[in-house]
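Peer 1: Before I ask anything, let me first share the structure, which is written out below as structure tokens.
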């Protein structure tokens with residue numbers, strides 16, 4: 001993420017409150033990897049912790065969250081996602097499918113036999129570009145628990161404006 005003053009200082013990282021969001025497309029990388037059982041979310045902490053960032057972004061767009069429809073897409077990258085995001089209205093919420101369903105997000109996985117399968121470098125580069133190219137202007141990382149990982153959605157972000165969401169800021173403060 002970009003630093004506002006001294007290089008390398010965690011305390012000086014940009015957060016969502018530092019950027020002008022009105023009329024801009026925003027991508028929030030969140031951690032909704034929550035325990036689930038019997039048709040219920042067992043621990044809502046990650047989801048509830050992300051709400052202040054979502055509400056702030058919507059407030060800057062002069063949109064309300066209450067009663068707001070959320071569009072769910074069955075993918076997180078590619079032409080269908082680019083089209084849906086490109087045709088979206090200001091303040092519209094689009095929830096993308098879990099990035100980790102793509103081999104290119106983590107770079108490698110183990111198959112059922114325990115063999116390591118590595119993603120092709122060109123495929124990883126194409127995947128990273130498809131996550132952000134023509135989709136967003138600002139990127140916010142609210143996934144503190146994943147921030148140390150070398151995943152495409154963490155280290156592959158090629159946007160000038162990258163910042164922490166409020167949940168990440170809270171963890172860093």
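Residue numbers (full-length UniProt numbering): 1 to 173.
Heads up, the beta-carbon is just placed ideally off N, CA and C, and yes, glycines get one too.
As the structure is a prediction and not an experimental result, all values here were calculated from the model.
Under 7 Å, do residue 123 and residue 106 count as touching if we go by C-beta distance?
Peer 2: The answer is no: Cβ separation not under 7 Å.
Peer 1: Below 7 Å CB to CB, which residues in the same chain sit around residue 68 once its five sequence neighbours on both sides are set aside?
Peer 2: Excluding residues within five positions, the ones whose Cβ falls inside 7 Å are 93.
Peer 1: Just verifying my parser: in three-state terms, what is the DSSP assignment at residue 36?
Peer 2: Correct three-state label for residue 36: strand.
Peer 1: Leaving aside the five residues before and after residue 41 along the sequence, list all residues of the same chain whose C-beta is less than 6 Å from its C-beta, in chain order.
Peer 2: Same-chain partners within the cutoff: 34.
Peer 1: May I ask you to report which of helix, strand or coil DSSP gives residue 108?
Peer 2: Strand, per DSSP.
Peer 1: Taking the alpha helix (DSSP H) that residue 14 belongs to, which residues open and close that run?
Peer 2: That residue, residue 14, is in no alpha helix (DSSP H); it is neither H nor E in DSSP.
Peer 1: Would DSSP call residue 165 helix, strand or coil?
Peer 2: In this structure, residue 165 counts as coil in the three-state DSSP scheme.
Peer 1: Would residue 84 and residue 73 be called neighbours here (beta carbons separated by less than 7 Å)?
Peer 2: Yes; because the gap between Cβ atoms is below 7 Å, this pair is in contact.
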